[in-house]
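In my numbering, the protein residues as written are 1297 to 2179.
Glycine is no exception: its CB is placed at the ideal position from the N, C-alpha and C atoms.
Take a look at the structure set out below.
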Amino acid sequence: MDEKNISKAFEPAEVELKWYQHWLENDYFRAEGKSGKKPFSIVIPPPNVTGMLHMGHALNNTLQDIMTRYRRMQGYNTLWMPGTDHAGIATQNVVEQELAKEGISRHDLGREKFIARVWEWKEKYGGVITNQLKRLGCSCDWSRERFTMDEGLSRAVREVFVRLFKDGLIYQGDYIVNWCPRCHTAISDLEVEFTEEKGNLWNIRYPYADGTGEVIVATTRPETMLGDTAVAVNPNDKRYKDVIGKMVILPLVNKEIPIIADDYVTAEFGTGAVKITPACDPADFAMADRHNLEIIRIMDGSAVINENGGIYQGQDRYTARKNIVKDLEKAGYLVSIEDYTHNVGKCYRCKTDIEPAVSKQWFVKVKPLAKNAVAAVVKGKTKLVPPMWEGTYFEWMSNIRDWCISRQIWWGHRIPVWYCECGEMIVSTETPDACDKCKGTKLRQEEDVLDTWFSSALWPFSTLGWPDKTDDLKTFYPTTLLVTGFDILFFWVARMMMMGLYCMKDVPFKDVYLHALVRDEKGDKMSKSKGNIIDPIEMIEKFGADSFRFTLAAFTAQGRDIRMSPERIEGYRHFVNKIWNATKFTLMNLEGYSGAKPAAGDYSLADRWMKDKLNRAVADITTYLDEYRFNDAAARVYHFIWNELCDWYLELVKPVLYSGESPEKRAAAQETLHSTLSTAMKVLHPFMPFLTEEIWHMLVKDGSSVMVSDFPVYDDARSDQEACDKMSLIIDVISRVRNIRGEMNIHPSKKLKVILAAPDQKAFNTMQEGAGYISNMARIEDLKIESKIEEPKGVATGVAGPVRVFVFLEGVVDIAGEQARLEKEIARISKDLANISRKLANSDFREKAAEAVIRKEQTRFQDLQGKLEILNGALERLKKIAV
Ligand SMILES: [Zn+2]
Ligand SMILES: [Zn+2]
């Protein structure tokens, strides 16, 4: 290693670019369609092609990359399938906004030209998010990158549509849908966002046709009365018992409509009588079905009153509302107006108020599909992690409604249905040339496109080449793992389950890891209006991708939201720097290191301990990653590198490295240092790919890459319990001395005089073996090890297992201060003791608490009593010194 490389600081930007390029050039991300290795596959949740990397993506893709890199190193034939989603409405909106700036609409362009324009946009800007994923370090197999509108995937979409249709699982029907009058399309129930708004409740008089009185109805939407076809009451509502079946006159419209009885009406709402507008309300629509009521559409696709609205025709729904209320009032029909807070559905895309509307739509009959998707989870063929989501999944699937799959937009998969002039309808995977029935060639394709989620539901197999029987499908389906946010469990995961089982006769994935939301450090949702959004790219630029990724992993506990702040990421940049400095230290001390294997006897206790600790860390980290416990895995890596390696081993080993006393021992230390750090880089690699690759190349100079090295395996044969036990005791003793030093405010440069009393023979031997470490690490100039002595005068004491630690205070400590400390500590422990003894005396506690809990309290009581005795003794002695 040349001096220049050793002395420079870690420069994330430069290093990240260099290694990502290197990985790509060496094809390390590429999966093999045919291979003797065990497969591991993940399909990426395809980000919208309009998307920009946000914290949700950053988290989601970091976790996928950790698992992918981990399995790749374990020798799996690893496929991380990347791609983007065409995102129908979102993308169409973006391009429409562009057009608006030019003063034109998509209708001015026409369908074909508009779609060409969207493709143009996609070519130009569609790669933004892909490049951002690369900056994060994602090791996707880019050679297989897919797009939901590419040729192969479009073929899969048509194939599935036709199969479902032929199986009677797709139908067309009149339906009330959530209609966005701005986007001009139906949107799914899941895409409606509800916001609480202050509105009004208008009470309106509907006179009986026979002139015998009136019924008063309450409504939040008076303009819909133009389409009323009934008034409904609850059949058990005594107030209306005698009027059921009577006709009322619909004000302003002046036509007669019936009063009907339906259980759906709650007597408690308003007056207990409600107006029924089947074309404007899903519940009313269902009621119209039950009572065979007329359905009158009163608005067009832009929510403007149509020809059925009489004099209000041409008015926007809200203008019409104002005018209708005014006219009702003028004509004496308006009884009262109340303030009323209610939930208003908005389009998730453009925030326009949803207008429920009746129109012809295409549906998938999901009940039969859902049945299999539920069974697969019950049988454990697909496992949801954390399992708490299973209940939600089952509940949702059992209440599932048919899926409206048609959208009235242009950007998307156009439904493969053609209409002939003769009335024939052709459903086909290929664009037909002529009508089967009349041979006519004037065919018109269905205008609607499919819901974006239709193509993403096929993602796990369409990306692998379905409907062809490809090697990729054979090798990688079912995929091993899906990592996604819980918020699209139903939008996406459930639908993939249904479609995978339907088309492939097998589940799309074995494990589904559902992560929570990324929030700010206070736990608030990130939003533009709050100004608390953290931009992942900004974080990568500021702190480096490695620190950023590590932070995300460290805070990802199953089932809990992730609280993120730039400070937290900065915190882990210190970790990066610590590792970098440890590397510099290692490289500087590897001088003369030949790589030859030292004799077993040359390894010091510290070397043996380090190797044992590494072995144990590997075991834990493997378990945690196998169980998707990302935070536990990250914490364990962190603890190993920061504490065990940097804080302890690097310090313990310095004397051997620095002194020329034993070249053999030095070589053993060098080997330990080199192998531990390089193995640590392997373990850390899935979390911090760039830093580890940079260090790997500095340490292991054979041109290999850490990302394709073997992930370490725990080896029982290498465990060294003896070294572990001895070193733990030595570390404990050092820590006691350091504690005393810290608590008594003894300056670090002051060398101490210490006696260790180890009556136990084994401990005595260990102290003798570790004397060098202890003197060195605790800065002791005069260390004595005794088997049994009376406590000397003028010392501070500590206990480390069977060893008692006596630190002589004379000349090094502020006695009065120490006295105060002891008194404080004694007071604290006395208080704790009083609390516990009160608890133990409480009969209620003794009756209710488990035996183990009681025993634990008793043990604690004894421990504290012991401590108190020691402290009291110390205080006594200190007082004697002070005199
Ligand atoms: Zn909209
Ligand atoms: Zn025909």
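query: Helix, strand or coil for L1754? Go by DSSP, reduced to three states.; result: coil
query: Leaving out the 5 sequence neighbours to the left and right, which residues in its chain are closer than 7 Å to M1297 when beta-carbon positions are compared?; result: Below a pLDDT of 50, predicted positions are generally treated as unreliable, and M1297, at 45, falls in that range; no measurement from the model is reported.
query: With E1441 as the anchor, note down where its alpha helix (DSSP H) starts and where it stops.; result: Neither: E1441 is in no alpha helix (DSSP H) and is coded neither H nor E.
query: Does the Cβ-Cβ distance between A1849 and A1964 come in under 7 Å?; result: no
query: Tell whether a beta-carbon distance below 7 Å holds between I1385 and C1479.; result: yes
query: Can you determine whether any heavy atom of ligand 2 sits closer than 6 Å to the C-beta of E1726, and answer yes or no?; result: no
query: Mapping DSSP to helix, strand and coil, what is Q1428?; result: helix
query: Within the same chain, show all residues whose beta-carbon is closer than 6 Å to that of F1457, passing over the 5 residues directly before and after it, in chain order.; result: P1712
query: Put D1470 into one of helix, strand or coil per three-state DSSP.; result: strand
query: Quick check: the region 1836-1848 against the region 1947-1955, are there 3 or more CB pairs under 8 Å?; result: no
query: Does DSSP classify T1515 as helix, strand or coil?; result: strand
query: Quick one, are the C-beta atoms of R2075 and K2058 less than 7 Å apart?; result: no
query: Using DSSP with H/G/I as helix, E/B as strand and the rest coil, what is E1299?; result: Since pLDDT at E1299 reaches only 47, below the 50 mark, its modelled position is unreliable, and no value is offered.
query: What runs of the beta strand (DSSP E), each 3 residues or longer, lie entirely inside the region 2039-2063?; result: 2048-2053
query: Distance, Cα to Cα, A1514 vs K1571?; result: 8 Å
query: Does the beta-carbon distance from N1474 to I1650 come in below 7 Å?; result: yes
query: Could you please go through the chain and list the residues whose beta-carbon is closer than 6 Å to any non-hydrogen atom of ligand 1?; result: C1476, R1478, C1479, C1643, R1645, C1646, T1648
query: Use the C-beta contact count for D1922: other C-beta atoms within 10 angstroms, 16 or more gives buried, fewer gives exposed.; result: exposed
query: Going by alpha carbons, who is nearest to P1832 out of G1840, S1825, K1826?; result: G1840
query: Taking I1722 as the reference, give the member of H1709, E1742, G1708, T1968 with the closest Cα.; result: E1742
query: So, using beta-carbon positions, are I2051 and K2080 closer together than 7 Å?; result: yes
query: Rounded to whole angstroms, what's the CA-CA distance from R1645 to T1780? Just pull it up for me.; result: 21 Å
query: Have a look at E1307 and Y1899 and give me their C-alpha separation to the nearest angstrom.; result: 35 Å
query: Does the structure place the region 1742-1758 close enough to the region 1786-1798 that three or more beta carbon pairs sit under 8 Å?; result: yes
query: Relative to the C-alpha of I1705, which residue among G1719, D1998, D1744, I1607 is closest?; result: D1744
query: So G1628 and L1522 are in contact, right, with Cβ under 8 Å, and what is the actual spacing, rounded?; result: Actually they are not in contact, since the Cβ atoms of G1628 and L1522 sit about 19 Å apart, beyond 8 Å.
query: What does a CB cutoff of less than 8 Å around G1469 pick up in its chain, not counting 5 residues either side in sequence?; result: K1656, Q1657, F1659
query: Just verifying my parser: in three-state terms, what is the DSSP assignment at A2170?; result: helix
query: Suppose contacts are defined by Cβ-Cβ distances below 7 Å. Is T1380 in contact with P1341 by that definition?; result: no
query: In its own chain, which residues sit with a C-beta less than 6 Å from the C-beta of N1499, not counting the 5 before and 5 after it?; result: I1512, A1514, V1631, S1632
query: Buried or exposed: K1327, going by 16 or more other Cβ atoms within 10 Å of its Cβ?; result: Checking the sequence, you will find Ala at residue 1327 rather than Lys. So A1327 ends up on the buried side.
query: Using the rule of at least 16 other Cβ atoms within 10 Å of the residue's Cβ for burial, across every protein chain shown, is E1299 buried or exposed?; result: Confidence is the limiting factor: at E1299 the pLDDT is only 47, short of 50, which leaves the residue's position unreliable and the question unanswerable from this model.
query: Check the C-beta distance from K1679 over to K1801 and give it rounded, since I have them as a contact under 8 Å.; result: With a Cβ gap of about 19 Å, K1679 and K1801 do not count as contacting.
query: Pick from W1944, Y1798, I2166: whose alpha carbon is nearest that of E1455?; result: Y1798
query: For G1495, write down the residues that DSSP places opposite it in a beta bridge.; result: Y1636
query: If we require 4 or more residues per run, which alpha helix (DSSP H) segments fall completely within the region 1932-1971?; result: 1950-1954
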